[in-house]
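Down below is the structure, laid out as C-alpha cells.
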Amino acid sequence: MPSVDIVQEVDTLREQLDAWNYQYYMLDQPTVPDAEYDRCMYRLLQLEASRPELVRPDSPTQRVGAAPLAQFSQISHEVPMLSLDNAFDAQAMRDFNRRLLDRLGGNPDQLEFACEPKLDGIAVSLLYRDGLLQRGATRGDGTTGEDITLNVRTIPSIPLHLRGDNFPGLLEVRGEIYMPSAGFEQLNARVRERGDKTFVNPRNAAAGSLRQLDARVTAQRPLEMCCYGVGLVEGGVLPDRHALVLESLQAWGLRINAELAVVHGIDACDDYYEALAARRESLPYAIDGIVFKVNDLALQQRLGFVSRAPRWAIARKFPAQEEMTRLLDVEFQVGRTGAITPVARLEPVFVGGVTVSNATLHNSDEIERLGVQIGDTVIVR
Numbered sequence: 019m020p021s022v023d024i025v026q027e028v029d030t031l032r033e034q035l036d037a038w039n040y041q042y043y044m045l046d047q048p049t050v051p052d053a054e055y056d057r058c059m060y061r062l063l064q065l066e067a068s069r070p071e072l073v074r075p076d077s078p079t080q081r082v083g084a085a086p087l088a089q090f091s092q093i094s095h096e097v098p099m100l101s102l103d104n105a106f107d108a109q110a111m112r113d114f115n116r117r118l119l120d121r122l123g124g125n126p127d128q129l130e131f132a133c134e135p136k137l138d139g140i141a142v143s144l145l146y147r148d149g150l151l152q153r154g155a156t157r158g159d160g161t162t163g164e165d166i167t168l169n170v171r172t173i174p175s176i177p178l179h180l181r182g183d184n185f186p187g188l189l190e191v192r193g194e195i196y197m198p199s200a201g202f203e204q205l206n207a208r209v210r211e212r213g214d215k216t217f218v219n220p221r222n223a224a225a226g227s228l229r230q231l232d233a234r235v236t237a238q239r240p241l242e243m244c245c246y247g248v249g250l251v252e253g254g255v256l257p258d259r260h261a262l263v264l265e266s267l268q269a270w271g272l273r274i275n276a277e278l279a280v281v282h283g284i285d286a287c288d289d290y291y292e293a294l295a296a297r298r299e300s301l302p303y304a305i306d307g308i309v310f311k312v313n314d315l316a317l318q319q320r321l322g323f324v325s326r327a328p329r330w331a332i333a334r335k336f337p338a339q340e341e342m343t344r345l346l347d348v349e350f351q352v353g354r355t356g357a358i359t360p361v362a363r364l365e366p367v368f369v370g371g372v373t374v375s376n377a378t379l380h381n382s383d384e385i386e387r388l389g390v391q392i393g394d395t396v397i398v399r
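Add 18 to a position in the sequence shown, counting from 1, and you land on the number used in the working numbering.
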C-alpha cells in the first residue's frame, strides 16, 4: 500500500496540473512557466509509474498512450444529433421568424434568440458520467457515429473530469472540434517541411486529425473544442434557457464561444449577423455562418422537430466567397454517353477553403453567353 505522503503528493500534483491546464486552455491565462509545468508533470509520471494502483483515468498523464485501434467502433446516439436548416439572406430569416410566431404567437420583438458563430469543424458528442469523461463520438449520420474516445482525450480543451460538483450524473455535451487558423498554418508548415501534401483547409485538417486510428497522431494536432449544446441529461436539472445551459457548461470547465449573445427579435439577429460578418476575417478560427436558436427551452419543446432538423434553430450562412483569377484555356471532355462538356482551366486560386484550378462551363452556349476568352479575368465563387 502506498504511503499517505505519496498519495497526498499525487493528489496535489493532479489538482495543480488540472488548475494550470484550465487557466491555459480555457481562460487563455497561463500562470506558470512551461518548465515548472513540465517538472510537475514529470514528477507525477514518475510517481504513477512507481505506484500503478494510483493511476486514475482522469489523471493529466492519461491523455495519450493507448495502442492504435484496428478500426473505429460504432456508437448509437440516444438523442439524435440533427442538422440545421439554412438561411441565405435576411428574407429567409424573416420567413423563419414568421414560422415561429405562427406556432407560438406573442410579440415578435420579445422572442429571445441565442446567437453563436457556426464553426467550420466536426460535430461531436462527449458523454460524462459522474463528472468523468466516458466517451467521445462523431455525429456520423445523426443516429450512429464513430467512437473517438481515445482521440478526444488528447485535446487539451476537453476536460477529462468536470469542475465543481453540481453537474448532472449523466451529461452528454455536444460541440464542434475545429482547428484554429494559426494552428492550421503551423501544421501545414510542418507538413511542407516533410515534403508531404498539405491540408486544404482547417476543416479538412480537423477531420483528418480526429479520425486517426493512432491517438498519438491526434495528440500532435492543434485541435480545440467549442460546446454548443447538450443531448442526453439524467440525474440533474439544467437551466431553462439555452444560453444559461452553455454558461453552466463553461462553469464545469468546458469551452463555449466567447461571441455567444442573447438578443430580442429578428431585427437584432440581423444586427448580430452583420456585426460578426464584418469581423469574420479577424476571428482566430474559420466560420461559415451564424446559428440562431430560440433561447427558451420550453418554447423549443413546443416547437419540436421536423425529420432532420429542429424548428427552433437555423443557420444563416455567409455568401459564397469570391476571388478573381485568369482563364488559361478551355478543354472539351467527352463523357461516357458521348456528351461534350467544356472545362475551364484556371490559374489556381484559393476560394471557399479549397484551391480551384478547373471549372465546368456546362456547354458551348454557356461559353457564348458569358463571352469568355483565353486570358480573361474571371470571378470564381
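By construction, the Cβ of each residue, glycine as well, lies at the ideal position given by its N, Cα and C atoms.
DSSP places residue 73 outside both helix and strand once states are collapsed to three, so it counts as coil. Straight across, the Cα-Cα distance linking residue 298 with residue 304 is about 8 Å. Annotation: residue 375 to residue 216 spans about 16 Å, alpha carbon to alpha carbon. About 15 Å separates the CB atoms of residue 194 and residue 160; that is not less than 8 Å, and the two are not in contact. Between the segment 89–105 and the segment 321–331 there are three or more inter-stretch CB-CB distances shorter than 8 Å, so the stretches are counted as touching. DSSP links residue 151 through a beta bridge to 146.
Bridge pairing for residue 342: 397 [DSSP]. The segment 250–266 and the segment 191–205 do not touch, with fewer than three beta-carbon pairs separated by less than 8 Å. Rounded to whole angstroms, the separation of the alpha carbons of residue 386 and residue 346 is 17 Å. Per DSSP, the continuous beta strand (DSSP E) segment holding residue 131 begins and ends at 130–137. The three-state secondary structure of residue 324, taken from DSSP, is coil. In this structure, residue 62 sits near residue 35, with a CB-CB distance shorter than 8 Å.
Comparing alpha carbon positions, the residue from 113, 95, 191 and 56 closest to residue 285 is 113. A distance of 8 Å or more separates the beta carbons of residue 179 and residue 145. The bridge partners DSSP lists for residue 95 come to none. DSSP places residue 301 outside both helix and strand once states are collapsed to three, so it counts as coil. Cβ atoms of residue 132 and residue 261 come within 8 Å of each other, at about 5 Å. Between residue 333 and residue 104, the gap from beta carbon to beta carbon is short of 8 Å. Counting along the chain, residue 265 sits inside the alpha helix (DSSP H) bounded by residues 260–269. Note on geometry: alpha-carbon atoms of residue 278 and residue 177 lie some 21 Å from one another. The beta carbons of residue 363 and residue 341 sit no closer together than 8 Å. Counting along the chain, residue 242 sits inside the beta strand (DSSP E) bounded by residues 242–252. Residues 251, 252, 253, 254, 255 and 256 of the same chain have their beta carbon placed closer than 8 Å to that of residue 186, with the five preceding and five following residues left out of the count.
Across the set 65, 269, 50 and 290, the C-alpha of 290 shows the shortest separation from the C-alpha of residue 135.
Around the Cβ of residue 137, a 10 Å sphere holds 16 or more other Cβ atoms; the residue is buried.
Within the same chain, and ignoring the five residues on either side of residue 122 in sequence, the residues whose Cβ sits closer than 8 Å to its Cβ are 129, 317, 320 and 321. DSSP, reduced to helix, strand and coil, places residue 36 within a helical segment of the structure shown. In this structure, residue 336 places its C-beta atom within 8 Å of the C-beta atom of residue 295.
Of the other Cβ atoms in all chains shown, 16 or more fall within 10 Å of the Cβ of residue 240; this residue is therefore buried. Taken through DSSP and simplified to helix, strand or coil, residue 172 comes out as coil.
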